[in-house]
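Trainee: Supplied in structure tokens, the structure appears directly below.
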Amino acid sequence: MKEKTTSFRQVLPVATVSWSGALLEWLDFYTYAILAKVLASIYFPSHDPIASLLAAFAALAIGFLFRPLGALMFGKIGDQYGRKIAFLTAITMMMLGTLGIAVLPGYASIGVLASIGIFLLRIIQGLALGGGYGAAITYLGEFTPDRVRGLVTGFLFTTPAFGMAIAGNLASLFQGYFGIELFKSYGWRWCFVVAGLIVFVVALIIHIFYKETPIFTTLKQIRRVTSAPIKELFTNKHYLWLFLLAWIGVIGAHGPIWYTNQLYVSYFMQDNGLPAGDAGKILAYATYVVLWTYLFFGWLSDKIGRKPVLIFGIYANALIFPLIFYVMKGYFNPPDYTALFLLTAVLTFMNGIGYSGAMSAMLLELFPSRIRTTAVGFTYNMGYGVFGGLTPFMITAFFKLTGNQYLSIILWSTCLPMIMGLLYLIKGWETKGKTLWEELSAEKFAKPALILPASTTIGEAMKKMKIEGQRVGIVSENHKYLGIVEERQLLGALVGGHTLNTPLQKVTLPIEAVEHKARIIDAVVIINQQGLKGIAVVDEDAKITGVIEPRYVFNEVAIINASMKKPFTERIKVDEFMSKPITVEDSTKLRDVAKILVQTNVGFLPVISKETGKIVGVISEKDLMGDLCCDEANLEKPVKEFMIKDVISVTPESSLKEALEKFINNNIRHLPVVKDLRVIGVISVKDALKVV
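Residue numbers for the sequence shown follow our numbering, so the first one is 627 and each next one is one higher.
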């Protein structure tokens, strides 16, 4: 079975809804940013305009500063309960924050409570955006084929700029409808109403029509979902280094660049005499005409690699700021809208190089699946939420200190990114070519295989499997894979007419092997569908590289050990989940015991006394492999000569915890349930795992 791939057509619906959800989150969040100067007088009135503006920018910044916390909150949800749930919850939370701002009375009505209210609602928005965007990147990225990851996830990177552009257009639209004075009085509220209500529709669509990502579904099915992604991110030294590299060297370096290109340039135009509506319109149109760059440079990174695109995006962009802002100052008096549009478009074009699908692809490829939502969201929001979100505040603060706005821009938006980018330039590596399924591929779960030549006899195979503790043997001929043999199948062959001297080629199951790069979930599906105990793994040349067994894939031992520490296992009693027993009498011949195992498809039988009906021993198919491998005459002997007489059992009143402890301490997979020395049930590791 070859590695499965996803078509672009299959990804398109997911990309559409992910894009829509992310876009509306940014629209809601940036509506405040676009209207910050208007809201400054509503919620932070002051005799000093710069002080009032700083307060408004502080409320803007606090939303950004809470984004990393939101990334951790919703990252934990995404890594523990699902990417879809995290994305949906964050969108809903954003809607509540946005509508809250729409109806919040101003300072003139409720005094300082209005200022506090704005800060609280911005915190809600910041938490929502911090969690939602990281979840959106992960949600879409885990559906996307490796070969077009930069291109497809680049769609998401159009949403911040597009969201800000739409926010600017909304402001311009309502300002034109109400007029400047009425817009400043109450018309601005309609921007928040529209932005908030549209989110509800998209959230409803995601909830009803869209499913969980295949990678998280696999993690859940094979019990590899982490319960502590935040702890893993910060205590695992390798994961922590990955975070620091991406945060400081890439995302943090590009944070001031993005917000200078897509936000501060609008304030710069307003500070030089342009009305807020006109500045917003110029920025909106300059953004629209270059949205294709977010996809193009993502596509380019799919061809030449993530690192060259990202490095160029940081350094070229940082170096062009001094030129653009210097030239721009000459076109405000009188305003030359064409020149201002072209200069702004240069900035938005340069922005699309680094802030493109190259960045999202790099983040997705950098972090492992089990902590991906947390790591991607936190890294992204620490970079853009902290270094980026502080841009208007820091440039304004530098301006207040130096009295030179141009110098303030260079210090924050040129010097700082170039210094931070050195970490990625020197220590970063290329991630292109890494599959997101790499840690969930068949080769990662394969164990060393017992390879048996096709000429091996049944008796020899049974002996080797018993000695090496293997439940599955891989049969080959001339180094080519033929199929598998299993314990129960070999026992069935013996009682079905074959002898110990029968070569394996006559009884081999021709089960298709899985390629080492195939998804582990595809291997598990075959195992479950065909009721196998294992499946062979081969490389591109059909050479056997290992075997996959469900007990290792499903992490049984780790799950049992973890479950024993949970209080609920002490409350659940064995009689709540035990199975009806199949027993044999102690006088039963081994041939008939083997037949019962094969026909009933069980691997364990309690043995009872023919005279008393009480338990006297147990026997498993693994025991029979050793009992029958060397002497075919044993088939006609009674089971009492071979059974294990030192029986380990539980009672109906025993707790699940007691049963789990006996499984682990005695390295067994079945336990008879005994009352007054009579077998009333059987439990297995599988039964227990269904409960926990």
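Cβ coordinates follow ideal geometry from the N, Cα and C atoms, glycine included.
Going by beta-carbon coordinates alone, are residue 859 and residue 997 separated by less than 8 Å?
Mentor: In the sequence shown, counting from the first residue as 1, residue 859 sits at position 233. In the sequence shown, counting from the first residue as 1, residue 997 sits at position 371. For residue 859 and residue 997, yes; Cβs fall inside 8 Å.
Trainee: Between the C-alpha atoms of residue 942 and residue 745, what's the straight-line distance to the nearest angstrom?
Mentor: Here residue 942 refers to the residue found at position 316 of the sequence shown. Here residue 745 refers to the residue found at position 119 of the sequence shown. Distance between the alpha carbons of residue 942 and residue 745: 36 Å.
Trainee: Give a yes or no on whether the C-beta atoms belonging to residue 1273 and residue 1216 are separated by under 8 Å.
Mentor: Counted from its first residue, the sequence shown places residue 1273 at position 647. Counted from its first residue, the sequence shown places residue 1216 at position 590. Contact: no.
Trainee: If you draw a straight line from the alpha carbon of residue 976 to that of residue 1036, how long is it in whole angstroms?
Mentor: Taking the sequence shown and counting its residues from 1, one reaches residue 976 at position 350. Taking the sequence shown and counting its residues from 1, one reaches residue 1036 at position 410. Looking at the two C-alpha atoms, the distance is approximately 16 Å.
Trainee: Can you give the Cα-Cα distance for residue 925 and residue 1058, rounded to whole angstroms?
Mentor: Here residue 925 refers to the residue found at position 299 of the sequence shown. Here residue 1058 refers to the residue found at position 432 of the sequence shown. In a straight line, the C-alpha of residue 925 is about 12 Å away from that of residue 1058.
Trainee: Pull the bridge partners of residue 1230 from the DSSP assignment, please.
Mentor: By 1-based counting over the sequence shown, the position of residue 1230 is 604. Answer by DSSP bridge pairing, in chain order: 1246.
Trainee: Give the range of the alpha helix (DSSP H) segment to which residue 1034 is assigned.
Mentor: Translated into positions along the sequence shown, residue 1034 becomes position 408. Element bounds for residue 1034: 1031–1036.
Trainee: With the cut-off set at 8 Å, would you say residue 1182 and residue 1311 are in Cβ contact?
Mentor: Taking the first residue of the sequence shown as 1, we reach residue 1182 at position 556. Taking the first residue of the sequence shown as 1, we reach residue 1311 at position 685. Yes, Cβ-Cβ distance for residue 1182 and residue 1311 is below 8 Å.
Trainee: Which class does residue 1302 belong to by DSSP, given the choice of helix, strand or coil?
Mentor: The residue labelled residue 1302 in the question sits at position 676 within the sequence shown. It is coil, neither helix nor strand.
Trainee: According to the neighbour-count rule (16 or more other Cβ atoms, all chains shown, within 10 Å of its Cβ), is residue 1332 buried or exposed?
Mentor: Given a span of 627 to 1318 for the chain in the structure shown, any question on residue 1332 remains unanswerable.
Trainee: Between the C-alpha atoms of residue 627 and residue 1132, what's the straight-line distance to the nearest angstrom?
Mentor: On the sequence shown, residue 627 is found 1 positions in, with the first residue counted as 1. On the sequence shown, residue 1132 is found 506 positions in, with the first residue counted as 1. Because residue 627 carries a pLDDT of 47, less than 50, the predicted location of this residue cannot be relied on, and no value is offered for it.
Trainee: Would you mind stating whether residue 1065 and residue 1136 have Cβ atoms separated by less than 8 Å?
Mentor: Locating residue 1065 in the sequence shown gives position 439, where the first residue counts as 1. Locating residue 1136 in the sequence shown gives position 510, where the first residue counts as 1. Result no, Cβ atoms of residue 1065 and residue 1136 do not sit closer than 8 Å.
Trainee: Could you tell me how far apart the beta carbons of residue 911 and residue 967 are, in whole angstroms, since I believe they sit closer than 8 Å?
Mentor: Locating residue 911 in the sequence shown gives position 285, counting from the first residue. Locating residue 967 in the sequence shown gives position 341, counting from the first residue. The pair is a contact, with the Cβ atoms about 6 Å apart (cut-off 8 Å).
Trainee: Under 8 Å Cβ to Cβ from residue 1080, same chain only, skipping five residues before and after it: list those, please.
Mentor: On the sequence shown, residue 1080 is found 454 positions in, with the first residue counted as 1. These residues qualify, in order along the chain: 1101, 1102, 1103, 1108, 1129, 1130, 1131, 1134.
Trainee: Roughly how many angstroms separate the alpha carbons of residue 1285 and residue 1073, rounded to a whole number?
Mentor: Working through the sequence shown from its first residue, we reach residue 1285 at position 659. Working through the sequence shown from its first residue, we reach residue 1073 at position 447. When rounded, the distance between both Cα atoms is 27 Å.
Trainee: Could you check if residue 1226 is buried or exposed, using at least 16 other CB atoms within 10 Å of its CB as the buried criterion?
Mentor: Here the question's residue 1226 lines up with position 600 in the sequence shown. Counting Cβ neighbours within 10 Å, residue 1226 comes out exposed, since fewer than 16 surround it.
Trainee: Across the stretch 1194–1213 and the stretch 1106–1124, are there enough close Cβ pairs to call them in contact, namely three or more that are closer than 8 Å?
Mentor: The answer is no - the stretch 1106–1124 does not touch the stretch 1194–1213, with fewer than three Cβ pairs under 8 Å.
Trainee: Does residue 1019 pass the burial test, meaning 16 or more other C-beta atoms within 10 Å, or should it be called exposed?
Mentor: Stepping through the sequence shown from its first residue, residue 1019 is reached at position 393. So residue 1019 counts as buried.
Trainee: Would you check if the distance between the CB atom of residue 1043 and the CB atom of residue 944 is smaller than 8 Å?
Mentor: Here the question's residue 1043 lines up with position 417 in the sequence shown. Here the question's residue 944 lines up with position 318 in the sequence shown. Taking 8 Å as the Cβ cut-off, residue 1043 and residue 944 qualify as a contacting pair.
Trainee: Indicate the three-state DSSP secondary structure (helix, strand or coil) for residue 642 in the structure shown.
Mentor: Looking up residue 642 in the sequence shown gives position 16. It is helical.
Trainee: Rounded to whole angstroms, how far is the Cβ of residue 664 from the Cβ of residue 902, which I believe are closer than 8 Å?
Mentor: One-based indexing of the sequence shown puts residue 664 at position 38. One-based indexing of the sequence shown puts residue 902 at position 276. Indeed they touch by this definition, with Cβ atoms about 7 Å apart.
Trainee: Do the stretch 721–731 and the stretch 746–766 touch if we need at least three Cβ pairs shorter than 8 Å?
Mentor: Taking 8 Å as the limit for Cβ pairs, the verdict is that the stretch 746–766 does touch the stretch 721–731.
Trainee: With respect to the beta strand (DSSP E) encompassing residue 1171, which residues constitute its N-terminal and C-terminal limits?
Mentor: Residue 1171 sits at position 545 when you count from the first residue of the sequence shown. Where residue 1171 is concerned, the enclosing beta strand (DSSP E) stretches over 1170–1174.
Trainee: Assign residue 627 to one of three DSSP states: helix, strand, or coil.
Mentor: Counted from its first residue, the sequence shown places residue 627 at position 1. Annotation note: pLDDT 47 at residue 627 (below 50); position unreliable, no value reported.
Trainee: Let me check understanding here. Comparing Cα to Cα, which of 989, 777, 956, 978 lies closest to residue 596?
Mentor: Nothing about residue 596 can be reported from this structure: the residues present for the chain run from 627 to 1318 only.
Trainee: Report yes if the CB atom of residue 1242 is closer than 8 Å to the CB atom of residue 1275, and no otherwise.
Mentor: As a working mapping, residue 1242 is identified with position 616 in the sequence shown. As a working mapping, residue 1275 is identified with position 649 in the sequence shown. No, the pair does not count as a contact, with Cβ atoms beyond the cut-off.
Trainee: Please report the distance separating the alpha-carbon of residue 865 from that of residue 1207.
Mentor: In the sequence shown, residue 865 corresponds to position 239, counting from 1. In the sequence shown, residue 1207 corresponds to position 581, counting from 1. Cα to Cα, residue 865 sits roughly 48 Å from residue 1207.
Trainee: What are the start and end residues of the beta strand (DSSP E) that includes residue 1109?
Mentor: Working through the sequence shown from its first residue, we reach residue 1109 at position 483. That run of the beta strand (DSSP E) goes 1106–1112.
Trainee: Measuring CA to CA, which of 1151, 1167, 1168 is closest to residue 1180?
Mentor: Position 554 of the sequence shown holds residue 1180. Checking every option, the nearest Cα to that of residue 1180 belongs to 1151.
Trainee: Kindly indicate which three-state DSSP category residue 1129 falls into: helix, strand or coil?
Mentor: Here residue 1129 corresponds to residue number 503 of the sequence shown, with the count starting at 1. Looking at residue 1129 - three-state DSSP - the assignment turns out to be strand.
Trainee: Less than 8 Å between the C-beta atoms of residue 1321 and residue 1281, yes or no?
Mentor: Summary: the structure shown does not reach residue 1321, with the chain confined to residues 627 through 1318, and so no result is reported for it.
Trainee: Going by alpha carbons, who is nearest to residue 972 out of 915, 754, 654?
Mentor: Counting from one through the sequence shown, the residue named residue 972 turns up at place 346. Comparing Cα-Cα distances from residue 972 to each of 915, 754, 654, the minimum goes to 915.
Trainee: Across which residues does DSSP place residue 1099 in a beta bridge pair?
Mentor: Translated into positions along the sequence shown, residue 1099 becomes position 473. Partner(s): 1111.
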